[in-house]
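Undergrad:
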Amino acid sequence: MSKLEEQSEELYQKALVAAVASTEGKAKIFTSEELIALGVVGKVEDLMGLVQGLLNDQLIRLLHLDHKVLYALRSRDVAEKLRRLSGDELMVYSHVESSGTNGAWTKNLKIKTGLVQTVINKVIKTLESKTLIKSVKNIKNPTQKSYILSHLDPGEDVRGGPWHTDGELDMEMIGITADMCVRFIESKSWVKGHIKVERHRSISPLPSLSDNPDSGGSAGTKRKRTTDTDDIEDLHLKHGQRSHVKIETQIAHPPGYDNYPTVQSVLAFVQQTGFLKTSASLTQEDIQGLLDVLALDGRIEKVGVSGYRTVKGIKGATDAMKNGYTGGSVADAGEEGEGTGLTQTPCGRCPVYNLCQEGGPVNPQNCEYYELWLKA
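All letters in the sequence shown, in the order written, are residues 1 to 376 by UniProt numbering.
1) Could you compute how far the alpha carbon of residue 127 sits from the alpha carbon of residue 9?
2) How would you label residue 162, buried or exposed, when you count the other beta carbons within 10 angstroms and need 16 or more for buried?
3) Just curious, the beta strand (DSSP E) that residue 301 is in, first and last residue?
4) Residue 6 to residue 289, Cα distance in whole Å?
5) State the Cα-Cα distance for the pair residue 139 and residue 166, rounded to the nearest angstrom.
6) Do residue 72 and residue 82 have their C-beta atoms within less than 9 Å of each other?
7) Cutting at 7 Å between CB atoms, please list the residues of its own chain near residue 2, excluding the five before and the five after it.
8) Is it buried or exposed for residue 154, if we count other Cβ within 10 angstroms and need 16 for buried?
9) Shortest alpha-carbon distance to residue 61 belongs to which of 364, 79, 45?
10) Quick check on the burial criterion: 16 or more other C-beta atoms within 10 angstroms. Buried or exposed for residue 428?
11) Determine the closest residue to residue 54 out of 35, 66, 65, with distance taken between C-alpha atoms.
12) Note down, in chain order, each residue of its chain lying with its Cβ closer than 7 Å to the Cβ of residue 119, except the 5 sequence neighbours on either side.
13) What does a CB cutoff of less than 6 Å around residue 40 pick up in its chain, not counting 5 residues either side in sequence?
14) Within the same chain, show all residues whose beta-carbon is closer than 7 Å to that of residue 19, passing over the 5 residues directly before and after it, in chain order.
15) Would DSSP call residue 275 helix, strand or coil?
16) Do residue 101 and residue 70 have their C-beta atoms within less than 9 Å of each other?
17) Using three-state DSSP, classify residue 251 as helix, strand or coil.
18) Assuming residue 250 and residue 267 make a contact with CB atoms under 8 Å, what is their CB distance in whole Å?
19) Which same chain residues, not among the five before or five after residue 47, have their C-beta less than 7 Å away from its C-beta?
20) Do the CB positions of residue 174 and residue 300 come within less than 9 Å of each other?
21) Assuming the contact rule is C-beta atoms closer than 8 Å, residue 158 and residue 133 should be a hit. Round their C-beta distance to whole Å, please.
22) Give the DSSP-derived three-state secondary structure of residue 87 in the structure shown.
23) Measure how close the beta-carbons of residue 273 and residue 306 come, nearest whole angstrom, since I'm counting them as under 8 Å.
24) Compute the Euclidean distance between the alpha carbons of residue 302 and residue 170, then round it to the nearest angstrom.
25) How many Å lie between residue 115 and residue 276 at the Cα?
26) Beta-carbon separation of residue 106 and residue 146 under 9 Å?
27) From residue 51 to residue 130, what does the alpha carbon distance come to, in whole angstroms?
28) Suppose contacts are defined by Cβ-Cβ distances below 9 Å. Is residue 76 in contact with residue 189 by that definition?
29) Alpha carbons only, please: which of 357, 181, 369, 252 is nearest the one belonging to residue 295?
30) Which one of 359, 45, 253, 108 has the shortest CA to CA distance from residue 192?
31) Give me whichever residues DSSP pairs with residue 133 in a beta bridge.
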């Protein structure tokens, strides 16, 4: 091995170590100044001789950016395969390599190389068999085949981001993720509690004796009515004793509460669960887009500067108010109770009345029950 070859090998080894230690990894791009700083040679003229040797061995490739020449390393395995390629195969590979994670279309390869389609197809088949390139589906043009280097993952413009699977929008994955986000936000949005709702029941009339098959139709026969639990409750109601049922509800946090879930906390939750293969690549922008859709769907709402909480979070009471039995029967939503003027208004039976005030998370301006009450 000549001195020039020894220096070329030393330059490659030092550049490889520097690339691995960098944030870009083996994909690091070097300038001439950075290669000289590795200490193998001290002049640009000497560097060019070493670079030419590495180019001949396919261990390095040239890039042009802003009128500057840059250098990128190749692995030894890939370089060994490239040295065995024909001129046409190496030309097609170079164009695929330069396309990066965006991929190269077969139509563009034909234009850039000047090769006929039959030759392009043959070359691509050879490069795929040597595991140098692979085909990917482009979401913008699913019918058009694109190719990238085998060790690369397609870019977001090609694969469609974390909400796509095999180049197609995965609605099921989006739905599952959205539901989990809503559950997480709901668990942080409200204080669990219970409220009592007045229960009214009507007294069932006694069956006539003629309806009793054991009575034999005799008017003089007396029958003792069996009193069950519901009858006892009805008798209590008849004598003025009111019955109540407990309904689970969610009570709003006090005004000024600032610990509502944010985009950052929702992202951390999704990444920690690990139920998405692409969760590690999710960004705040991805989660922000999902939360925006949930807000438009009326499932969550913005609170404060950056917080979110679920909409209509008062369980039971919300359904009760919408079904119109706040002054009536839980068993029969359509049955009106007596009540008073106060109890017939939304405020009269609001479970978070004490928290309602101007500027708070619960306030008269955004009370949904007034609109329902006024329309009733």
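Glycine residues also receive a C-beta, built at the ideal position from the N, C-alpha and C atoms.
TA: So, from the listed chains and residues:
1) 27 Å
2) buried
3) 300 to 303
4) 54 Å
5) 9 Å
6) no
7) none
8) buried
9) 79
10) Given a span of 1 to 376 for the chain in the structure shown, any question on residue 428 remains unanswerable.
11) 35
12) 88
13) 7, 10, 11
14) 25, 26, 28, 73
15) coil
16) no
17) strand
18) Between residue 267 and residue 250 the Cβ distance is about 24 Å, and since that is not below 8 Å, they are no contact.
19) 32, 35, 36, 41
20) no
21) Going by Cβ atoms, the distance from residue 158 to residue 133 rounds to 14 Å, so no, they are not a contact pair.
22) helix
23) 22 Å between Cβ atoms; not a contact.
24) 26 Å
25) 42 Å
26) yes
27) 26 Å
28) no
29) 181
30) 253
31) 149
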